[in-house]
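Novice: Numbering (full-length UniProt numbering), first residue to last: 1 to 143.
Beta carbons are placed, not taken as given, at the ideal position from N, Cα and C, and that holds for glycine.
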């Protein structure tokens, strides 16, 4: 097995992260959230083998509340990437994993799938879909 190309891994991570944020922005705008309430912000990351780099995140304003999607990295044990979601009423994690249909274990050639994990533990994991995004927002923003 050839050694992992860490630059390619970082590129794939940032591409998947940008796709995730774009998907969330599109879903929120379709639900009536104004574009000016969706602000991309950069987060400095420093990961072994990847070095220091900026990763995009998202600040979302809904009513008087704010929530932040903050990337934590791609060097995650048992996963391909992690984004923390923090709001005034709670937190959750978005974790990227290979889909069940993956036949090649190489993460650079497969589509990554995002799952929502509750604040504590790995129980209750569910896929990130339009409906589940609404559930996540309720969880971290409150009713």
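Measure the Cβ-Cβ separation of residue 47 and residue 73 and say whether it is below 8 Å.
Specialist: Going by C-beta atoms, residue 47 is nearer than 8 Å to residue 73.
Novice: Which residues in the same chain have their Cβ closer than 8 Å to the Cβ of residue 17, if we skip the five residues on either side of it in sequence?
Specialist: 55, 56, 71, 81 and 83
Novice: Relative to the C-alpha of residue 119, which residue among 139, 53 and 92 is closest?
Specialist: 92
Novice: Suppose you measure from the CA of residue 94 to the CA of residue 129; what does that come to, to the nearest Å?
Specialist: 12 Å
Novice: Just to confirm before moving on: does the CB-CB distance between residue 69 and residue 141 stay below 8 Å?
Specialist: Cβ distance not < 8 Å, so residue 69 and residue 141 don't count as in contact.
Novice: Would you decide whether residue 10 is buried or exposed? Buried here means 16 or more other CB atoms lie within 10 Å of its CB.
Specialist: Burial call: buried.
Novice: Output the distance between the C-alpha atoms of residue 24 and residue 7, rounded to the nearest integer angstrom.
Specialist: 26 Å
Novice: Going by alpha carbons, who is nearest to residue 5 out of 50, 28 and 39?
Specialist: 50
Novice: Counting along the chain, where does the alpha helix (DSSP H) carrying residue 75 start and finish?
Specialist: It is not in any alpha helix (DSSP H) - residue 75 carries neither H nor E in the DSSP assignment.
Novice: For residue 46, list the residues DSSP reports as bridge partners.
Specialist: The partner list for residue 46 (beta bridge, DSSP) reads 52.
Novice: Closest by CA to residue 117, which one among 109, 108, 127 and 110?
Specialist: 127
Novice: Enumerate in chain order the residues of its own chain whose CB-to-CB distance from residue 89 is below 7 Å, with the five nearest sequence positions on each side excluded.
Specialist: 140, 141 and 142
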